[in-house]
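Visitor:
In our numbering, the protein residues as written are 19 to 358.
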């Protein structure tokens, strides 16, 4: 059975934008979008280095028709040379501007899954701000065996998660499915979708029911599910597929000054999800990889370690962040002086 690795990028246009806290700025600007293109480059380069014999096909979904050249990387050529299939796909479930304050493109994931429905195999869909560090052979074998792997993000029941707490998610499940209150329903991260093709149809059928009920609540101005992870969490629970298997392979690792949850064992994970590194760490690793055409797995590990993402010493990481912040402020100041 084929093993697929997928990420995606949906480009927003001027006057139809939303907010992305880990990047900031205008989501339709080239500067904003280049942040994601650098992540995409690192994502595929790291996967190819570490899983050349494990992954059967690489797919990339986007609504961008004319692929850009970023810092000298021609992405059309990069995808072609590395046998990454580019699939142009529009977003059919874009939320209204007043839906929620951020991430209006997140339901693009369900367009991707809809496209994949006729295909067969084991599918791993990741956010592009992930680095693949080790073999994913065990992960794909687990997908084939269990059907769906999920990634629990452990928040307290009443903590608001993008406008909806776990206890509120449970109430909505009870309402949408006219079912017993789901005491064990948890919040499962949307950055990691690990699914065998036999679950595409039931997942999408469940999603469509939730989407319809959820949109009615939006129109009434009532509490609703705001983002893809909320919806996926209800889908997984309904399909009796909620589990902790994803935690063996990936963790949401924060390396920011105001929130640093790095632990020593992160270095043993096959996949590092590093949302706070979009603008800085991925840019640095992108630059590194440009000068290493034939990089191996050990060298990749050294490059990531060099960039202080998984240093044991948090003090060193904080120094690095202060340096990055100062450099960014100087760049902005220099631009303002130049324009003035």
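Note that the Cβ used here is the ideal one computed from N, Cα and C, for glycine as well.
The model shown is predicted, which means the values in this text are computed figures rather than measured ones.
If you reduce the DSSP assignment to three classes, tell me which class residue 408 lands in.
Guide: Given that the chain is displayed from residue 19 to residue 358, the structure contains no residue 408 and the question cannot be resolved.
Visitor: Restricting to Cα atoms, I'd like to know which of 48, 247, 207, 67 is closest to residue 152.
Guide: Stepping through the chain shown from its first residue, residue 152 is reached at position 134. If we check each option's Cα against that of residue 152, 67 comes out closest.
Visitor: Spatial neighbours of residue 257 within its chain, please: CB distance less than 8 Å, with the 5 preceding and 5 following residues excluded, ordered by chain position.
Guide: Translated into the one-based positions of the chain shown, residue 257 becomes position 239. The residues are 166, 217, 220, 221, 224.
Visitor: Checking 8 Å against the spacing of the C-beta atoms, do residue 20 and residue 75 come in under that value?
Guide: Within the chain shown, the letter at position 2 stands for residue 20. Within the chain shown, the letter at position 57 stands for residue 75. For residue 20 and residue 75, yes; Cβs fall inside 8 Å.
Visitor: Identify, in the order they occur along the chain, each residue of the same chain with its Cβ nearer than 6 Å to the Cβ of residue 307, setting aside the five sequence neighbours on each side.
Guide: As a working note, residue 307 is residue 289 in the chain shown. Answer for residue 307: 63, listed in chain order.
Visitor: On the DSSP letters alone, give me the boundaries of the beta strand (DSSP E) that residue 62 sits inside.
Guide: Start at 1 with the first residue of the chain shown, and residue 62 comes out as number 44. No beta strand (DSSP E) contains residue 62, which is instead part of the alpha helix (DSSP H) from 48-68.
Visitor: So is residue 28 buried or exposed if we call it buried at 16+ other beta carbons inside 10 Å?
Guide: Indexing the chain shown from 1 puts residue 28 at position 10. With 16 or more other Cβ atoms within 10 Å, it is buried.
Visitor: For residue 270, which of helix, strand or coil comes out of DSSP?
Guide: For the purposes of this step, residue 270 is taken as the residue at position 252 of the chain shown. In the structure shown, residue 270 sits in a strand (DSSP, three-state: E or B).
Visitor: Between the segment 54-61 and the segment 140-158, can you find at least three pairs of beta-carbon atoms closer than 8 Å?
Guide: With a cut-off of 8 Å, the segment 54-61 and the segment 140-158 count as touching, because enough Cβ pairs lie within range.
Visitor: In or out: residue 207 buried (at least 16 other Cβ within 10 Å) or exposed?
Guide: If you number the chain shown from 1, residue 207 lands on position 189. Buried, by the Cβ-count rule.
Visitor: Identify whether residue 368 lies in helix, strand or coil by the three-state DSSP scheme.
Guide: No information on residue 368 is available, as it lies outside the stretch 19 to 358 that the chain covers here.
Visitor: Could you tell me how far apart the beta carbons of residue 14 and residue 229 are, in whole angstroms, since I believe they sit closer than 8 Å?
Guide: Here the chain has residues from 19 to 358 only, and residue 14 is not among them.
Visitor: Under three-state DSSP, which class holds residue 106?
Guide: Here the question's residue 106 lines up with position 88 in the chain shown. Correct three-state label for residue 106: strand.
Visitor: Which whole-angstrom value is the C-beta distance of residue 107 and residue 81, which I expect to be below 8 Å?
Guide: For the purposes of this step, residue 107 is identified with residue 89 of the chain shown, where counting begins at 1. For the purposes of this step, residue 81 is identified with residue 63 of the chain shown, where counting begins at 1. 6 Å between Cβ atoms; contact.
Visitor: Using a Cβ-Cβ cutoff of less than 7 Å, which residues in the same chain neighbour residue 291 once the five nearest sequence positions on both sides are dropped?
Guide: Translated into the one-based positions of the chain shown, residue 291 becomes position 273. For residue 291, where only same-chain residues beyond five positions count, the Cβ hits under 7 Å are 145, 147, 148, 209, 268, 269, 270, 271.
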